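Participant:
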Amino acid sequence: MSTVAHFTEELQPTDGGRLSKFNKRLAWTLWNKQETKRHLEELERIKGLLNMWLAVDIWDVGQQLQNDHTEQRLDHDRILTSVKDAARDQKQHHDAAKREKIIEWMSPLNFFQRQADIFSTLQPGTGEWLLADSRFQDWLSGFGKILWCRGMPGSGKTVLASLVINHLEARFSNDGIGVACIYLNHKESETQSLTNLLAGIWRQLVLHKCIPDVVENLYERHRERQTRPSLDDFVGTVNFAVAQYSKVHLVVDALDEYPEVQRNLLLEYLATMGCGVNLMITSRPHISLDGSFPNFKMQTLEIRATEDDIRKYTHVHILRSPRLSKHARARPELCDEIETKIISNVQGMFLLAKLHIESLTTKNTVKAVWEALQHLPKDLKLTYDEIMERIDRQNEEDRQLAHLALTWVANAKRPLSVAELREALAIEPGAASLDNDNLLDLDIIISVCAGLITVDVSTVRLIHYTTQQYLDSIQADRFPDAQTEITSRCLTYMSFKEFSALPGYWEGIGSHKLIQQHPLLLYAQYCLIHATGQPEVVLQSRIIEFLQQACRWRDFWRMCHSWSAKPDHELVAPWTYPQPGWPSSASPLWIAAASNLQTITRSLLSQMDGDIEHSALYGALYYGHLPMLRLLIEGGADVNAKGGEYGTTLHAASYWGQEAAALLLIEAGAELDALGKEECGTPLQAASYAGHDAIAQLLVEKGADVNNPGRHRGSALHVAALNGHDMLARRFIEMGAGVNIATGYYATALQAAALRGHESVVRLLLEKGANVNTQGGPYGTALQAAAYEGHHGVVQLLIEKGANVNAQGGRYGSAVNAASYEGHEAIVRILIQKGADRGVCTNRGRRYRTVLGRRFGC
């Protein structure tokens with residue numbers, strides 16, 4: 001910088017005259033040339049340094065800007081990633097919520113909980129003999145095999161089934177092999193419908209897998225309509241789930257506890273599951289599986305508690321009992337004696353060992369234990385007798401509580417929750433509300449019942465199926481007023497002051513919340529099922545009083561059913577769930593008829609002056625209450641009154657297939673050819689629509705006109721043809737039905753059968769003389785109807801039988817036009833090969849030549 005300053009100074013103006021200034025500058029220029037050169041070089045050097053420094057500064061600024069830009073881009077990427085992660089998490093949460101919703105909707109049964117609860121009761125180290133058995137190992141490794149594990153009551157079949165399930169899940173968790181189970185329970189036979197069981201299997205197989213689109217579509221379709229999928233839908237979803245595995249092991253426990261009719265349907269389905277499924281079935285020996293599984297290889301394995309298992313079980317429970325363990329410490333030989341005596345008495349039944357241990361845990365002295373061991377019962381009945389005696393020896397308060405608890409648990413129409421049972425036992429006669437201080441601890445309830453009841457998850461049940469059978473056998477002597485007691489408590493409960501404001505009360509807080517606050521409300525709907533018989537006489541005035549206000553309760557329970565995960569109407573009391581033809585406002589007589597309260601119905605009829613409502617007949621008929629139907633008819637009900645979903649009561653009986661009821665109605669004067677609703681026509685057509693051969697035969701024998709044209713669908717033969725009931729169609733023809741009678745929407749029976757593609761019915765009608773070229777109906781001829789719907793086989797059959805491929809008429813003008821309009825290429829080609837004119841005009845004056853050319857090059 002000093003160089004620049006010096007150089008600047010030399011160039012500054014000087015004082016003095018102009019000549020002196022010139023001389024000075026000239027002298028500087030002449031005599032300091034070298035100095036000037038040096039200064040200029042220095043300036044160049046400085047200029048270079050300045051340029052370099054400036055470049056460095058510019059580079060620093062640029063680098064900083066680049067770093068800032070990079071940081072901003074990274075911040076942007078981080079923000080974008082966070083947004084994407086949040087969106088993904090939200091979608092996953094939504095998908096998981098939807099998945100859970102679909103699963104709960106599809107399957108009200110959750111066997112995962114049942115499996116976990118049963119397996120928790122397994123004594124460690126027991127049951128290993130089953131897993132080591134060669135027959136089990138063979139079943140485990142093969143395909144298309146059945147292992148039928150038979151055993152006497154109480155032999156431990158259910159607990160061993162849980163052991164097998166646990167073993168399978170541990171062994172095949174990552175091998176692409178599916179595992180599922182069904183635990184059947186006699187107390188849950190209504191809940192465990194065939195569709196629910198199939199859905200329960202599907203629920204287990206879809207674990208850790210995506211829900212297929214077909215199931216999501218099923219859910220969306222039925223959710224909008226508030227309906228349930230059909231049995232075929234459930235069969236399809238289970239079969240699809242099974243196909244996703246290389247093999248599936250399915251364990252079905254307690255098959256003998258399933259009602260016989262449903263059992264046969266279940267076996268029919270299981271037999272169709274194919275060689276990719278291995279079945280293990282446990283049951284008592286008395287049922288037979290012979291011929292049920294023709295395509296499976298079946299082995300039988302006898303289930304019986306081994307001595308080693310019983311010894312382990314007994315030893316552990318001795319140590320767990322405060323009294324027995326104390327006695328055993330005082331007398332060490334007592335432990336061996338207890339184990340030996342129990343093993344010798346139980347005859348391979350774990351249940352008996354459990355009950356014996358339960359009885360010994362109550363003994364206060366060693367001597368009492370020794371004496372009890374000398375008199376241990378050797379069968380279940382004697383053991384149950386001894387337990388009941390022990391219950392009756394309790395103080396009066398405990399005895400009454402035990403009897404009441406057993407009454408509720410044994411007679412409940414479905415398993416009770418812990419909360420429901422506690423409220424049921426806390427109800428006091430004549431009380432205006434439930435006193436929460438009167439609620440009992442569950443431990444006390446279980447204790448006074450001497451081991452006869454237990455808790456699964458949150459459900460109270462009897463310890464075994466045989467316990468239910470025993471209590472049923474002694475009920476007439478020991479619990480004669482059981483149904484009256486339950487009915488009375490339900491009626492008292494529903495009369496509580498907090499429910500007097502229904503429906504406004506529950507609309508204010510919501511039915512779901514109301515049930516949470518008052519758990520017994522949902523079960524109380526069964527009160528009228530319990531009321532049949534003795535309670536009708538003892539509680540007649542209270543029941544009638546309830547019926548007069550029952551309509552508001554029905555609305556409440558219907559609201560409960562709308563949010564329930566178990567929408568099947570079999571799970572609820574009949575009169576609380578809407579059915580076709582049900583009145584919007586239920587009268588006391590209708591509810592009494594639907595609930596089969598005959599004594600109450602007689603009382604109500606005696607008080608009636610005018611006509612008896614037609615809907616009461618419907619209520620009795622739907623649930624098959626034949627004596628009630630007779631009672632209503634004798635009381636003056638008009639069997640020919642019209643209403644409901646079908647028309648007269650005879651229409652409904654014919655549609656529902658109730659032959660005995662139909663005969664009763666006919667004998668009571670029901671009109672055989674009365675016209676009902678549009679879809680049904682006559683009772684004969686209603687029977688034909690549903691395919692009930694026996695009722696159709698009865699109606700014709702009693703004088704029904706087999707050729708009555710009916711309404712929209714035509715004669716009975718037309719209806720049978722439309723729905724593919726070939727045997728019934730044959731029966732009608734034998735009874736005199738005209739095969740060429742033109743009536744109804746489809747004109748002829750042949751056109752109706754052809755439209756739906758029922759080839760066997762079409763063949764039958766043609767064999768019986770049906771005119772293949774009769775004109776009429778929306779499709780003109782049977783050939784046009786079949787062509788429109790794309791029924792290849794029916795089209796060929798009609799042509800073989802002389803159908804005119806160029807017949808004009810109907811909605812599409814000709815068969816070839818109808819087929820081309822719907823894109824059935826194969827049928828178009830067949831028709832053209834058989835001489836169909838490609839340019840035949842329709843009755844609307846249009847040609848389908850363009851369509852033919854564009855689609856098929858014709």
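Under UniProt numbering, the letters of the sequence shown match residues 1 to 858, in that order.
Heads up, the beta-carbon is just placed ideally off N, CA and C, and yes, glycines get one too.
It should be emphasised that the depicted structure is a prediction, and the values quoted were computed from it without experimental measurement.
#1: From the DSSP output, read off the bridge partner residues of glutamate 386.
#2: Between the alpha carbons of asparagine 185 and arginine 393, how many angstroms are there, rounded?
#3: Between the alpha carbons of serine 141 and lysine 312, how many angstroms are there, rounded?
#4: Alanine 565 to glycine 274, Cα distance in whole Å?
#5: Could you pull the start and end residues of the alpha helix (DSSP H) that alanine 170 belongs to?
#6: What did DSSP end up calling alanine 305 once you bin it into helix, strand or coil?
#7: In terms of alpha-carbon separation, which member of Val238, Leu722, Gln192 lies closest to tyrosine 269?
#8: Count Cβ pairs between the region 708–721 and the region 676–691 that sit closer than 8 Å; are there 3 or more?
#9: Give the DSSP-derived three-state secondary structure of arginine 215 in the structure shown.
#10: As a quick exercise: from Ser715, Trp656, Phe293, Trp370, pick the residue whose alpha carbon is nearest that of lysine 145.
#11: Rounded to the nearest angstrom, what separates valine 761 and leucine 798 at their Cα positions?
#12: Could you say if the region 224–231 and the region 248–263 meet the contact criterion of at least three C-beta pairs nearer than 8 Å?
#13: In three-state terms, what does DSSP make of asparagine 278?
#14: How far does the beta strand (DSSP E) with lysine 145 in it reach, from first residue to last?
#15: Any chance you could list the alpha helix (DSSP H) runs of at least 4 consecutive residues sitting entirely within the UniProt domain "GPI inositol-deacylase winged helix" (397–472), in chain order?
#16: For cysteine 680, does the three-state DSSP call read helix, strand or coil?
#17: So, leucine 198 versus phenylalanine 234, is the Cβ gap smaller than 7 Å?
#18: Nearest-angstrom Cα distance between glycine 357 and arginine 99?
#19: What residues are listed by DSSP as bridge partners for valine 179?
#20: Per DSSP, what kind of secondary structure is methionine 735 in: helix, strand or coil?
#21: Suppose the cutoff is 7 Å on Cβ atoms and the five residues either side in sequence are ignored; what does the same chain contact list for alanine 785 look like?
#22: Alpha carbon to alpha carbon, how far is glutamate 41 from glycine 48? Give it in angstroms, no decimals.
#23: Classify aspartate 181 as buried or exposed, calling it buried when 16 or more other Cβ atoms lie within 10 Å of its own Cβ.
#24: Taking 7 Å as the cut-off, decide whether the C-beta atoms of valine 251 and methionine 298 are in contact.
#25: Just confirm the distance between the C-beta atoms of leucine 621 and alanine 653, as a whole number of angstroms; I'd bet it's less than 8 Å.
#26: I need the boundaries of the alpha helix (DSSP H) containing isoleucine 830, first residue and last residue.
#27: Could you check what DSSP says for threonine 300 in three-state terms: helix, strand or coil?
#28: Counting only the same chain and skipping the five closest in sequence on each side, list residues whose C-beta sits under 7 Å from that of glycine 200.
#29: Count the other C-beta atoms from every protein chain shown that fall within 10 angstroms of the C-beta of leucine 205, then say buried if there are 16 or more, exposed otherwise.
#30: Quick one: Cα of glutamate 371 to Cα of arginine 329, how far?
#31: Can you tell me which of the three DSSP states glycine 127 falls into?
#32: What are the boundary residues of the alpha helix (DSSP H) that includes cysteine 490?
#33: Where does glycine 643 sit, in a helix, a strand or coil, going by DSSP?
#34: Contact defined as beta carbons within less than 8 Å: I believe leucine 684 pairs with valine 700. What is the distance between those atoms, to the nearest angstrom?
#35: Please state the DSSP three-state secondary structure of glycine 809.
#36: If you reduce the DSSP assignment to three classes, tell me which class serine 715 lands in.
Facilitator: Short version:
#1: In DSSP, glutamate 386 forms no bridge with anything.
#2: Computed Cα separation, rounded: 31 Å.
#3: Serine 141 and lysine 312: Cα-Cα distance of roughly 30 Å.
#4: Confidence in alanine 565 is poor, its pLDDT being 38 and thus under 50, which makes the residue's placement unreliable; the coordinate value appears in the next sentence. A straight-line Cα-Cα distance of about 31 Å links alanine 565 and glycine 274.
#5: For alanine 170, the enclosing alpha helix (DSSP H) starts and ends at 157–171.
#6: DSSP, reduced to helix, strand and coil, places alanine 305 outside both helices and strands of the structure shown, so it counts as coil.
#7: The shortest CA-to-CA distance from tyrosine 269 to any of Val238, Leu722, Gln192 is the one to Val238.
#8: Segments in contact, yes.
#9: According to the sequence provided, residue 215 is valine. The question's arginine does not apply to it. The three-state reading of DSSP puts valine 215 in helix, counting H, G and I together.
#10: Answer by Cα proximity: Phe293.
#11: For valine 761 and leucine 798, the distance between alpha carbons rounds to 12 Å.
#12: Counting C-beta pairs with one atom in each stretch, the region 224–231 and the region 248–263 have fewer than three that are closer than 8 Å, which means they do not touch.
#13: Three-state DSSP puts asparagine 278 in a strand.
#14: Per DSSP, lysine 145 belongs to the beta strand (DSSP E) from 145–151.
#15: Listed in chain order, the complete alpha helix (DSSP H) runs (minimum 4 residues) inside the UniProt domain "GPI inositol-deacylase winged helix" (397–472) are 418–426, 442–448.
#16: Taken through DSSP and simplified to helix, strand or coil, cysteine 680 comes out as coil.
#17: Against a cut-off of 7 Å, the Cβ pair of phenylalanine 234 and leucine 198 comes out as a contact.
#18: Looking at the sequence shown, residue 357 is not glycine but isoleucine. Rounded to the nearest angstrom, the gap between the Cα atoms of isoleucine 357 and arginine 99 is 46 Å.
#19: According to DSSP, valine 179 bridges with His249.
#20: Coil at methionine 735, not helix or strand.
#21: Correct list, in chain order: Gln751, Ala754, Leu755, Tyr779.
#22: A straight line joining the alpha-carbon of glycine 48 with that of glutamate 41 spans about 11 Å.
#23: With the sequence shown as reference, residue 181 is identified as cysteine, and aspartate is not the correct amino acid for it. Cysteine 181 comes out buried.
#24: No, these two residues do not count as a Cβ contact at 7 Å.
#25: Yes, leucine 621 and alanine 653 are in contact; Cβ-Cβ is about 6 Å, under 8 Å.
#26: Start and end: 825–833.
#27: Threonine 300: strand per DSSP, three-state reduction.
#28: So the list reads Ser107, Leu109, Phe111, Ile182, once near-sequence residues are dropped.
#29: Flag for leucine 205 reads buried.
#30: The alpha-carbon atoms of glutamate 371 and arginine 329 are separated by roughly 18 Å.
#31: In this structure, glycine 127 counts as coil in the three-state DSSP scheme.
#32: Going by DSSP, cysteine 490 is part of the alpha helix (DSSP H) stretching over 482–494.
#33: Shown here, glycine 643 sits in a strand according to DSSP, grouped into three states.
#34: Leucine 684 to valine 700, Cβ: 7 Å. Contact.
#35: In the structure shown, glycine 809 sits in a strand (DSSP, three-state: E or B).
#36: Reduced to three states, the DSSP call for serine 715 is coil.
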